[in-house]
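Protein sequences appear in the order of chains A and B.
Every letter in the first sequence is one number past the one before it in the working numbering, and letter 149, counting from 1, is 149.
Every letter in the second sequence is one number past the one before it in the working numbering, and letter 73, counting from 1, is 1073.
Backbone N, C-alpha and C define an ideal beta-carbon position, used for all residues, glycine too.
These notes concern the structure reproduced below.
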Amino acid sequence: MNGAIHITLAWHDWLNLFAHYMLLSLMSLGGAISTTSEMHRFLVEQHGWLSQAQFNDSIALAQAAPGPNVLFVALMGWNVGMNAGSTSAAFLGVATTMIGILLPSTIFTYQVAQWGHRNRELRPVRAFKQGMAPVVIALLLSTSWILASSAGGSGYHWPLWLLTLSSCLVIWRTKLHLLWVLGAGALLGALGFV
Amino acid sequence: MTSPPSAFEHPRPESLLDLFVAFTVLALQGFGGVLAVVQRELVERKRWLSNEEFIEDWAVAQIMPGPNVVNLSMMIGARYFGLRGALTALAGMLAVPLVLILLLAILHARFAGNAQVAGALRGMAAVSAGLIAATGLKMSVALKRNPVPLQWCVAIGAIGFVLVALLKFPLAYVLLALGGLGCVLAYRNLR
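Given below as structure tokens:
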């Protein structure tokens, strides 16, 4: 299997994973994708529960599949469980990461949404909403950087950087459907150009 | 906001099942993100929301932590059926796509040894990185109208990028410190 590693997870590791995703849930102000760099730090660098290839594949597969982008979190949980040795652990991984990433934020959002809607003209509400914007954008660019710099494994691989840069320009500047760009990336990769 | 009182009665979901099916259908159309599909399906086709309502809900969904479209679906569901509606919309958005993506993961594990499959995913990962950067760039246009002065925005953005992407600082500290600075600057400049 691609980049699979073998790990052993004790109960406190599962709890640790759950707690970490609950924390990330409350920090995911730009959407779940903005906390990707933190997931990478935790799963790949700090604990070694996920290989670099599995990390990248989780995000790439979720982008290629229908549904909200947050499902990449389910794939990370799935892969952590598979690394721990079984399909049932993989389902536990999906439940742990998905419930973790969704529970705190959805409870919070449900409670606050109506209040925020009624008070959207209040100065502190507007200050929070707009004041977070620069750092949220920085997080998106950081996520992109981490993904791009690890897509080729270790070492500098200029065709992948070129592909990242040109797809960024195309998506930023044109209205071309994302599927075409993803398809082109898949084709270039399958043919061995990147 | 000067949104006019709704001049006409909105159509509305008939039942929880109707709500669930609607969100499942739109989630399944969203490759690489669902937001654009939500707008087209719920505002233009079903007319459950006016465009103004949609924009206001979207703003709140973005302020809140959590996946934005998940927040948005919950808020829309809650409007019609309370907590049951919120949970139904959430389930519609996630249940079927989750099953699909796990099937994909199993297929992928089986074919991952294949050089073409590995190459295709490597190519798509590079494109995903570009997509995320493009989203950031699109959002950065809004900084011109931000109450935080532009040079502060650039400084906060650059420091945040260096800390998170290059120095691998934990996100919580960066969000608290730089986000807090942004909020204070915004508060001072808002009237």
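Annotation for residue 1146(B): 1153 and 1186 place their beta carbon closer than 8 Å to its own, counting only its chain and skipping 5 residues before and after. Taking the Cα positions, residue 1148(B) is about 8 Å away from residue 130(A).
By the CB criterion at 8 Å, residue 146(A) and residue 37(A) fall inside the cutoff. Distance from the Cα of residue 1174(B) is smallest, within the candidate group 46(A), 52(A) and 142(A), for 142(A).
Considering only beta carbons, the part of the region 47-62 of chain A lying closer than 7 Å to chain B consists of 56, 57, 59, 60, 61 and 62, in chain order. Shown here, residue 160(A) sits in a helix according to DSSP, grouped into three states.
Looking at 1015(B), 1010(B) and 1044(B), the one whose alpha-carbon comes closest to that of residue 1026(B) is 1044(B).
Of the other Cβ atoms in all chains shown, 16 or more fall within 10 Å of the Cβ of residue 1041(B); this residue is therefore buried.
The contact set of residue 78(A) on chain B, defined by CB atoms closer than 8 Å, consists of 1102 and 1105 in chain order. Bounds of the alpha helix (DSSP H) holding residue 124(A) are 123-131. Just so you know, the alpha carbons of residue 114(A) and residue 1092(B) end up roughly 22 Å apart.
For a cut-off of 8 Å, the C-beta gap from residue 60(A) to residue 1124(B) is around 4 Å, short enough to register as a contact. Membership of residue 1071(B) in the alpha helix (DSSP H) is indicated by the continuous run 1068-1111. Within chain A, 134, 135, 137, 138 and 141 have C-beta atoms less than 8 Å from the C-beta of residue 1157(B), given in sequence order. Contact between residue 7(A) and residue 83(A) holds: their C-beta atoms lie close to 5 Å from each other, under 8 Å. Here DSSP, grouped into helix, strand and coil, assigns residue 29(A) to strand.
A check of alpha carbon separations from residue 1097(B) across 77(A), 184(A) and 69(A) identifies 69(A) as the nearest. Within the region 100-128 of chain A, those residues whose Cβ lies closer than 9 Å to any Cβ of chain B are, in chain order, 101, 102, 104, 105, 106, 108, 109, 110, 112, 113, 114, 116, 117, 120, 121, 123, 124, 125, 126, 127 and 128. Non-local beta-carbon contacts of residue 34(A) in its own chain, meaning distances under 7 Å to residues more than five positions away in sequence, involve 28, 136, 139, 140 and 143 in chain order. DSSP places residue 1118(B) in the uninterrupted alpha helix (DSSP H) bounded by 1115-1140.
By the beta-carbon neighbour count (other beta carbons within 10 angstroms, threshold 16), residue 64(A) is buried. At a Cβ-Cβ threshold of 8 Å, residue 179(A) and residue 163(A) do not count as neighbours. When Cβ-Cβ separations below 8 Å define contact, residue 92(A) makes no contact with chain B.
Close to residue 1138(B), with beta-carbon spacing below 7 Å, are these residues of chain A in chain order: 172.
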